[in-house]
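For the sequence shown, the UniProt record's numbering assigns the number 1 to the initial residue and increments by one for each residue that follows.
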Amino acid sequence: MSDGSSLLVNVLASGMAGIIARIFTHPLDTAKARLQAVSNTQQQYQGTADVLRKTLRTEGIRGFYRGFGAVLVGGTPGTAIYLCGYEAAKKGLAEQYRGNDFVIHFTAGMIAETLACIIYVPVDVVKERMQVQHKTGGGALMYRNSWDALQKIAATEGLAGIYKGYAATLGSFGPFSALYFVCYERFKYWTRLHLTQSNHSELRELEHIEVPFHWLLVCSSSAGALASWVTSPLDMVKLRLQVQRGIDHSNSNIAATYNGVWDCWQKTYRAGGLAGLWRGAGARVLYTVPATTITMTSYETCQSIIAKALS
1 MSDGSSLLVN VLASGMAGII ARIFTHPLDT AKARLQAVSN TQQQYQGTAD VLRKTLRTEG
61 IRGFYRGFGA VLVGGTPGTA IYLCGYEAAK KGLAEQYRGN DFVIHFTAGM IAETLACIIY
121 VPVDVVKERM QVQHKTGGGA LMYRNSWDAL QKIAATEGLA GIYKGYAATL GSFGPFSALY
181 FVCYERFKYW TRLHLTQSNH SELRELEHIE VPFHWLLVCS SSAGALASWV TSPLDMVKLR
241 LQVQRGIDHS NSNIAATYNG VWDCWQKTYR AGGLAGLWRG AGARVLYTVP ATTITMTSYE
301 TCQSIIAKAL S
């Protein structure tokens, strides 16, 4: 297949995978955001099940999908840039670092996230402001929908508000993506060794072997669980930095103002110890595992189907 056809396959497959994954996992992302946004001194949720139950009771199904418009419109091209960027970076690094699979996949994951964050950060800012907002005394919400949120953030905070927390986002999702792809590719390699009964082969020598769907589920879910748990404190810091700028414009429950990543870590640790740093980690794993599993299995399946259709 030519490079042009390969790119088309990757773009179509990644876009479809992103849409499919977000439809199913956005409610868990909302739960994660609400758990991480509140401080230990003002806890209003006792865990993932509690936030899901209270959201359903007070806001209905619609409450689970606050910010979904921004995710659907912006997240879909973001996913395409992310996965296509990873494939391109992996291919480019393969010749230079042949045999050093860790460096190839770790670096490709970081590059993919750096590119995708140009789209992901504004989407995240809008999504998370929508997810954590509460009704004011008059019973109204600060933001009516994702477009209204984007307009108000741009008008009151400018470009800095739209890209609030870019460094923290890259500092959170960069290590996550790098660790995820290292684990995912390694798990697929072990699966191929198992399927072929090979003693040892270079990863590139086995890449042509198609991994069965059920093994893709195992590889992607395991990699997602490990990477999301380890990097959860980074995600918590990123979220608090992104939503705190809206404190003066919404009825937020965030108690502290943070002067950067390190200040947020320090204040969170002093208030809640290690448990505070990993607050919302369970919800993050519950969101990330199905999100990465659905995304990667959909991506690889769609990739295979589209490639066969175009060949």
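The beta carbon of each residue, even a glycine, is placed where N, CA and C say it ideally should be. On a predicted model such as this, the values are computed, not experimentally measured, just so you know.
Got a sec, what are the start and stop residues for the alpha helix (DSSP H) residue i sits in?
i      : result
Gln266 : Val261 to Leu277
Ser304 : Ala281 to Leu310
Gln96  : Phe68 to Gln96
Gly63  : Ile61 to Phe64
Let me know if residue i comes out buried or exposed under the rule of 16 or more other beta-carbons within 10 Å of its beta-carbon.
i      : result
Ala155 : exposed
Ile294 : buried
Ser146 : buried
Lys238 : buried
Leu234 : buried
Arg62  : exposed
Ala168 : buried
Leu310 : exposed
Ala116 : buried
Lys164 : buried
Phe106 : buried
Tyr299 : buried
Val103 : exposed
Ala281 : buried
Ile81  : buried
Asn10  : buried
With DSSP run on the structure shown, which of helix, strand or coil describes residue i?
i      : result
Met110 : helix
Gln151 : helix
His194 : helix
Met142 : coil
Gln209 : Residue identity check: residue 209 is Ile in the sequence provided, not Gln. Ile209: coil per DSSP, three-state reduction.
Asn58  : The residue you asked about is not Asn; residue 58 is Thr in the sequence shown. Here Thr58 sits in helix by DSSP.
Tyr166 : helix
Asn10  : helix
Thr231 : coil
Shortest alpha-carbon distance to residue i belongs to which of the options?
i      : options                           : result
Gly69  : Arg22, Ala291 and Lys164          : Arg22
Val126 : Arg98, Phe106, Asn100 and Leu159  : Leu159
Val289 : Ala89, Phe176, Arg57 and Lys164   : Phe176
Glu207 : Lys91, Leu7, Glu59 and Gln133     : Lys91
Thr292 : Gly280, Thr231, Ala223 and Gln303 : Ala223
Lys32  : Ile209, Leu52, Thr257 and Gly74   : Leu52
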